[in-house]
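Same order as they appear, the protein sequences are chains R and W. End of the first sequence sits at 1007 in our numbering; the numbers just go up one at a time, nothing left out. End of the second sequence sits at 1007 in our numbering; the numbers just go up one at a time, nothing left out. Backbone N, C-alpha and C define an ideal beta-carbon position, used for all residues, glycine too. I have placed the structure first, in the form of structure tokens, so that the comments after it can refer back to it.
There are 2 protein chains.
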Amino acid sequence: MSNAYNRPDQLSPELRRRVLDTARRLGYPGPDPVARSLRTRKAGAVGLLLTENLSYAFRDPAAIGFLEGLALACEDAGTGLLLVPANPEREDVASVHRAGVDGFVVYSVPDDDPHLAAVLERPVPTVVCDQPDMGTVDRVGIDDRGAMYSLAQHLIGLGHRRVGVVCMRLARDRNDGFVTAERQHAAHFHVQRNRLSGLAEAFSEAGVDWSRIPVVERFDHNIASGESAAAQVLDADPQITALICCSDILALGAMNEAARRGLRVPHDLTITGFDGIREAEAAGLTTVRQPVLEKGRAAGKLLLDTNERTRPRSVNLSTELIVGKTSAAPRGASEERWFGP
Amino acid sequence: MSNAYNRPDQLSPELRRRVLDTARRLGYPGPDPVARSLRTRKAGAVGLLLTENLSYAFRDPAAIGFLEGLALACEDAGTGLLLVPANPEREDVASVHRAGVDGFVVYSVPDDDPHLAAVLERPVPTVVCDQPDMGTVDRVGIDDRGAMYSLAQHLIGLGHRRVGVVCMRLARDRNDGFVTAERQHAAHFHVQRNRLSGLAEAFSEAGVDWSRIPVVERFDHNIASGESAAAQVLDADPQITALICCSDILALGAMNEAARRGLRVPHDLTITGFDGIREAEAAGLTTVRQPVLEKGRAAGKLLLDTNERTRPRSVNLSTELIVGKTSAAPRGASEERWFGP
DNA sequence: AATTGGTTCTGAACCGTTACGGTCACTTCA
DNA sequence: TGAAGTGACCGTAACGGTTCAGAACCAATT
């Protein structure tokens, strides 16, 4: 029976035809995929865990790029891609337990997320992205700290000392407002924590007292958040010469807010982003480009690569500083340099 | 055992604790999701079948919108979303057979696609999108014919008679070039067939000989295709006053080509799209807006709605003609009307 | 003391498939 | 002619959970 469907060479064509005929006559709908999975211990799918609402993945350009890369890898391997719903509000990890998959990819979740813990308990291979190295599972990511450090050095080189920062959520609780040093340090999102620490390091080295730099956090990641966060930073210190945003989306919002206030970018205010999404490129944003598609593909490859001689593995992809039209020397500084002593 | 995990009320807390303790000590990783699915006959996931490469879904804005809506519905229901790889090149339907899902959503595949046939053979509920009404399964879509008819009437009202058309692939075979009337009529993509027939009807009613209108097809759906297809139409008949594109993406490409030729839009050439994606709105494109997100959500709702009193159901979502800045009266016509007799 | 009622706990059947070993007929070779 | 070898076919035992019937137990009632 099984052979008739899956192993035509194991039986005579005549019998095969007869079996298939009677099967059809009896209304047999073909082998049941679930039972097959149980028996063969292969689900033919990999699970993707995102901390955000499922639909968020389709709204954020960087997430879309990641998904595309992951889908590419799955396609090559002929496996399906199961999007696992993980509502961050509820602590309901049943969706993780119910997912019939051969492995998990975990994309940018807080390191204390119960869903992540549930995944790690499952006896299947896992690849985490944009997470700290856990020592036990494969990892793919970038050097967020180093990339942001370079961006900061670019700004410092231009002469910026008085800056403001807009970042994404740092933990699971909503905190739309200023961020204490404590909170920065304890951020549960590896990516944000490292970007902030890269900034802090560079500016501290340049003699800036980091504890006095206004850092504003937003829970939701969209243009509107960038706008309101930029407004909050500019209200707190109208003297800042540069606004460093931890994502392009936030930076695009900041651009809107700058325009609303009549601030010319980069003449009156330098604005930078992070990610290198298409929209940022179109806007000429100074940013750090990271290979999001490649990241997804690498995650999939790592997961689907069967010969696991050296697990856990860790892949670091390279980033590139893109100097666009939104960063320049601060107004005062350039004149000072020009006419200075 | 099972009760200890899933039915805490069925046994004393003391026994439950003991069971869970020993389970942990034995390294038991929790109930196996596949075995559970087999027994309960519930996979906790719905499958999405796209005819394109999986990764394409993340490149096309309309597809992304659809996915977002579908993800939203899945989220509400707490089910996962399995992206089923269906390589259009290979006739390999094994991926459909192997998908452990409670139902399928089929999005815009040719009506003769073997993957679609394989889905319909599976004994699970199915919702088809942008497909002809099959009579046996639920359907969600729009009135492509009527929407395109309205758009054509808008153009006809403006005075356009000599037009060209750029459409997406009409069948599984690649045909990058002109389309015969025969091929238009026999198109295996319901959406494209209806859009073209809406155009043909409107223009025929206006006294235009449809068989003389150049219609150019492109297999790949991206900006570059729009560019080259527009070039092909304009080369074939430089006198056309309007270029009707069957998607916004193609229209955006056509805009590029018009610019390259020094044609001012809409002064020298009217260009229209279809879909109403964000990029089109930004460009001020005259187009038909269809609720892609709503379409995905409706498909998910239909599939996950358990009380199936009136299957098969058919949902038609409404569209809206958006008159943008890319359509105007043809140069000759407007003068004629202004200074005419 | 025996019956009843209720709760907690145990064991076995079943979901549908695949892997595997065994049977059987038939060919080949000494 | 008989032994060994080959290939086609078939029966059965897991895979790991859920479910449900009924055993076992305890307390309350007759």
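Taking the Cβ atoms as the reference, THR717 of chain W lies roughly 4 Å from VAL775 of chain W, within the contact range of under 8 Å. In the three-state DSSP reduction, ILE879 of chain W falls in the coil class, being neither helix nor strand. Annotated three-state conformation of CYS740 of chain W is helix, per DSSP.
Chain order gives the chain R residues near GLU734 of chain W as SER721, PHE724, ARG725, where near means a beta carbon separation below 7 Å.
Three or more beta-carbon pairs drawn from the region 830 to 845 of chain W and the region 879 to 890 of chain W are found closer than 8 Å, and the two stretches are therefore classed as touching. In the structure shown, PHE940 of chain R falls within a coil segment according to DSSP collapsed to helix, strand and coil. By the CB criterion at 7 Å, LEU968 of chain R and GLU734 of chain R fall outside the cutoff. If you look at SER891 of chain R, you'll find it in the alpha helix (DSSP H) that goes 889 to 902. Under the three-state reduction of DSSP output, SER816 of chain R falls in the helix class.
Residues of chain W whose Cβ lies closer than 7 Å to the Cβ of ILE730 of chain R are, in chain order, PHE724, ILE730. Between GLU680 of chain W and chain R, the shortest Cβ-Cβ separation is not below 7 Å. Secondary structure within the region 808 to 859 of chain R: the beta strand (DSSP E) runs of 3 or more consecutive residues, fully enclosed, are 829 to 833 (chain order).
Residue nearest to ALA946 of chain R within the set R:CYS912, R:ILE808, R:ARG927, R:ALA965 is R:CYS912 (criterion: CA-CA distance).
Between the region 768 to 782 of chain W and the region 853 to 865 of chain W there are three or more inter-stretch CB-CB distances shorter than 8 Å, so the stretches are counted as touching.
For the C-beta of GLU947 of chain W, not a single chain R residue is nearer than 9 Å; the gap to the nearest is close to 14 Å. Taking C-alpha positions only, ALA896 of chain W is separated from GLY928 of chain W by approximately 13 Å.
In summary, GLU757 of chain R is exposed, with fewer than 16 beta-carbon neighbours lying within 10 Å of its beta-carbon over all protein chains present. Our two residues, ASP768 of chain R and ALA711 of chain R, have alpha carbons roughly 6 Å apart in a direct line. Using beta-carbon distances, SER703 of chain W counts as an interface residue toward chain R, with a partner under 7 Å. If you draw a 10 Å sphere on the C-beta of ARG702 of chain W, you find 16 or more other C-beta atoms in it, and that means buried. Distance from VAL954 of chain W to ALA813 of chain W at the Cβ level is roughly 5 Å; contact confirmed, criterion being Cβ atoms closer than 8 Å.
In the structure shown, the three-state DSSP call for TYR694 of chain R is coil. Its chain contains LEU748, VAL750, ALA765, VAL767, PHE770 as the residues whose beta carbon lies nearer than 6 Å to that of GLY713 of chain R, once the 5 sequence neighbours on both sides are disregarded; these appear in chain order.
Here DSSP, grouped into helix, strand and coil, assigns VAL762 of chain W to helix. Taking the CA atoms as reference points, PHE940 of chain R sits about 26 Å from ASN888 of chain W.
Within the model, the alpha-carbon separation for ILE910 of chain R versus ARG944 of chain W is close to 27 Å. In this chain, the alpha helix (DSSP H) harbouring ASN669 of chain W covers 668 to 672. Under DSSP, LEU716 of chain R forms a beta bridge with R:TYR773. Listed along chain R are GLY710, GLY744, THR745, GLY746, each with a C-beta nearer than 9 Å to that of SER761 of chain W.
The shortest CA-to-CA distance from SER894 of chain W to any of W:ASP914, W:ILE906, W:ALA924 is the one to W:ALA924. Taking C-beta atoms under 8 Å as the contact rule, ARG997 of chain R and ASP934 of chain R qualify, at a distance of about 6 Å. Residue W:ARG963 holds the alpha-carbon nearest to the alpha-carbon of VAL794 of chain W among W:ARG963, W:HIS826, W:ALA995.
Residues of chain W whose Cβ lies closer than 7 Å to the Cβ of LEU738 of chain R are, in chain order, SER721. Below the 8 Å Cβ cutoff, chain W contributes GLY746 as neighbours of VAL750 of chain R, in chain order.
Secondary structure at ILE730 of chain R: helix, using DSSP grouped into helix, strand and coil. Between GLU741 of chain W and chain R, the shortest Cβ-Cβ separation is below 7 Å.
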